[in-house]
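The next block holds one structure in the form of structure tokens; read it before the comments.
Residue numbers (the working numbering): -12 to 413.
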């Protein structure tokens, strides 16, 4: 979420709810903002991260684990334990893996996730109905864990991934449910209206001849116009009525012109750079290289991990960003057992990583590349909100190829250009 607070744009992204505040609804606006930017849990985070987030979540989140989500969580946890058990008997080259680099799909804006206890229950029941019987027995505990899948590996991985995905959804609902009021406010950040209107060809002609369009097209456009109105004017602005009035008065295009800038502003806010770092060294003397001081971790393995991954990711077309490890520097990394990786705010100094996660794991390596983006001032570019009418949460990523939006993503040209505008001293 982007909030205008005393003229300063502040990116507020939802946390994995590690830090508990039991009376969120009664907090001041500023206090709620502070609460909501603590840490974040990307929608496509791996199950190991979801497991840790649930493990350290506040009591009120655990109280929301009902029978519906608990069954999915139990199956998912047993699924992870069994996978780890089987891999303990395998060499590195034969490990069973549910996710691999290059095989992630992301959550595109055109195919958003929609979830609540009913969707979790439906998927749990479908899994129990169709999963191979012997595999279900292991997951429910009625059969001891074997050292091998008992199925061909392709079939096992197919079902293990499905159980894993449902587990993630169940945990995410559990973590979010205590904060549905705040998630409902996030509807103002839904940028699908801007996205789809921006994709339309001959838009002016279509909007001016709105009543001549097919009913399905009319319904889509009405929803998109409502969304850009909400982006511009807020949830309490009566946008449904404004759209209806524009249709009756045949001024649909005029309504679009009025509110499309607000939709674009909301969209653009996900790709801006906030709180640029004053210590960044990047000048015309050598514009092909930027240097950022980084506190020496005094550990060779960690230093190499940071240097290899950050410098490998943050480069573009001959330009590189180098880390200058020093005894004294603001930016530093800390390792805490069981923590959800995060940075202490956009443009923050402290990257906190899970000390239990091996540095050799691909997901850990991707995570440090992503979290470093927050240090530089980039925000997460995904949307998540709750619809109190449908009683369902929706989330999606604005660009699944973008490092700050999705685990599928990498550094983009827009990152380089945005950094150049903010950091290059001429």
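Quick reminder that beta carbons are idealized off the backbone N, C-alpha and C, glycines included.
ask   = What are the start and end residues of the alpha helix (DSSP H) that includes residue 248?
value = For residue 248, the enclosing alpha helix (DSSP H) has its first and last residue at 239 to 256.
ask   = Is there at least one non-hydrogen atom of the ligand FMN closer than 7 Å to the beta-carbon of residue 60?
value = Ligands in the displayed structure: none, and consequently the ligand FMN is not present.
task = Determine the contact status of residue 243 and residue 194, defining contact as a CB-CB distance below 8 Å.
result = It is a contact, given that the beta carbons lie within the stated cut-off.
query = When the Cα atoms are used, what is the spatial distance from residue 61 to residue 150?
reply = Approximately 10 Å between the Cα atoms of the pair.
request  = Throw me the rounded Cβ distance for the residue 66 and residue 157 pair, which I believe falls under 8 Å.
outcome  = About 12 Å separates the beta carbons of residue 66 and residue 157, which is beyond the 8 Å limit, so they are not a contact pair.
inquiry  = Please give the ranges of any alpha helix (DSSP H) in the segment 263 to 312, keeping only runs that are unbroken, at least 4 residues long and fully inside the region.
reply    = Annotation note: the segment 263 to 312 contains the following uninterrupted alpha helix (DSSP H) runs of length 4 or greater, listed N- to C-terminal: 287 to 300.
query = Between which two residues does the beta strand (DSSP E) containing residue 371 stretch?
reply = Here the beta strand (DSSP E) through residue 371 covers 369 to 374.
ask   = Going by other Cβ atoms of all chains shown within 10 Å of its Cβ, with 16 needed for buried, is residue 314 buried or exposed?
value = A residue is called buried when at least 16 other Cβ atoms come within 10 angstroms of its Cβ; residue 314 does not meet this threshold and is exposed.
message = Can you give me the C-alpha to C-alpha distance between residue 141 and residue 96, rounded to a whole angstrom?
response = In a straight line, the C-alpha of residue 141 is about 29 Å away from that of residue 96.
inquiry  = Spatial neighbours of residue 227 within its chain, please: C-beta separation below 8 Å, excluding the five flanking residues on both sides.
reply    = Short of 8 Å from the beta carbon of residue 227, and not among the five residues preceding or following it, lie these beta carbons of its own chain, in chain order: 213.
inquiry  = For residue 80, count the other beta carbons within 10 Å of its own beta carbon; 16 or more makes it buried, fewer makes it exposed. Which is it?
reply    = Its Cβ having fewer than 16 others within 10 Å, residue 80 is exposed.
ask   = Do residue 91 and residue 395 come within 8 Å of each other at the CB atom, strictly closer than that value?
value = Contact annotation: residue 395 and residue 91 have beta-carbon atoms nearer than 8 Å.
task = Please classify residue 397: is it buried, with 16 or more other beta-carbons within 10 angstroms of its beta-carbon, or exposed?
result = Exposed, by the Cβ-count rule.
request  = Find the nearest neighbour of residue 343 within the set 323, 112 and 337, judged by alpha-carbon distance.
outcome  = With respect to the C-alpha of residue 343, the residue from 323, 112 and 337 having the closest C-alpha is 323.
key: Residues bridged to residue 86 [DSSP beta-bridge criterion]   = According to DSSP, residue 86 bridges with nothing at all.
request  = Using the Cα positions of residue 205 and residue 103, report the straight-line distance between them to the nearest angstrom.
outcome  = About 28 Å.
Rounded Cβ spacing between residue 263 and residue 364 (contact assumed at less than 8 Å) = Right, the Cβ-Cβ distance comes to about 5 Å (below 8 Å), so this counts as a contact.
ask   = The alpha helix (DSSP H) with residue 168 in it runs from where to where?
value = Residues 167 to 172.
request  = May I ask which residues mark the beginning and end of the alpha helix (DSSP H) holding residue 397?
outcome  = Neither: residue 397 is in no alpha helix (DSSP H) and is coded neither H nor E.
ask   = Mind checking residue 78: buried by the 16 CB within 10 Å criterion, or exposed?
value = Exposed: under 16 other Cβ atoms inside 10 Å.
message = Restricting to Cα atoms, I'd like to know which of 304, 275 and 383 is closest to residue 412.
response = Answer by Cα proximity: 275.
request  = Grab me the residues of residue 174's own chain with a C-beta within less than 8 Å of its C-beta, minus the 5 sequence neighbours each way, in chain order.
outcome  = Closer than 8 Å at the Cβ level, and outside the excluded window around residue 174, lie 217, 222, 372, 373 and 374.
ask   = Cα-Cα, which of 186, 233 and 179 is closest to residue 253?
value = Checked all of 186, 233 and 179; the closest Cα to residue 253 is 179.
inquiry  = Along the chain, where does the alpha helix (DSSP H) containing residue 122 start, and where does it finish?
reply    = Counting along the chain, the unbroken alpha helix (DSSP H) around residue 122 starts and ends at 120 to 127.
ask   = For residue 108 versus residue 36, is the C-beta spacing smaller than 8 Å?
value = By the CB criterion at 8 Å, residue 108 and residue 36 fall outside the cutoff.
query = Near residue 11, what residues of its chain come up, given a Cβ to Cβ distance below 6 Å and the 5 sequence neighbours on each side ignored?
reply = In this prediction, residue 11 has a pLDDT of 33, which is less than 50 and means its spatial position is unreliable; nothing more can be read from the coordinates.
query = Using DSSP with H/G/I as helix, E/B as strand and the rest coil, what is residue 134?
reply = Coil, per DSSP.
key: Cβ-based neighbour list, residue 416, same chain, cut-off 7 Å, excluding 5 preceding and 5 following   = Look at the range of the chain in this structure, -12 to 413, and you will see that residue 416 is not part of it.
ask   = Counting only runs that start and end within the segment 311 to 348, where is the beta strand (DSSP E) found for 3 or more residues in a row?
value = 319 to 323 and 337 to 341, all fully within the segment 311 to 348.
Cα-Cα separation between residue 208 and residue 380, rounded to whole angstroms = For residue 208 and residue 380, the distance between alpha carbons rounds to 22 Å.
inquiry  = As a quick exercise: from 409, 340, 125 and 404, pick the residue whose alpha carbon is nearest that of residue 39.
reply    = Looking at 409, 340, 125 and 404, the one whose alpha-carbon comes closest to that of residue 39 is 340.
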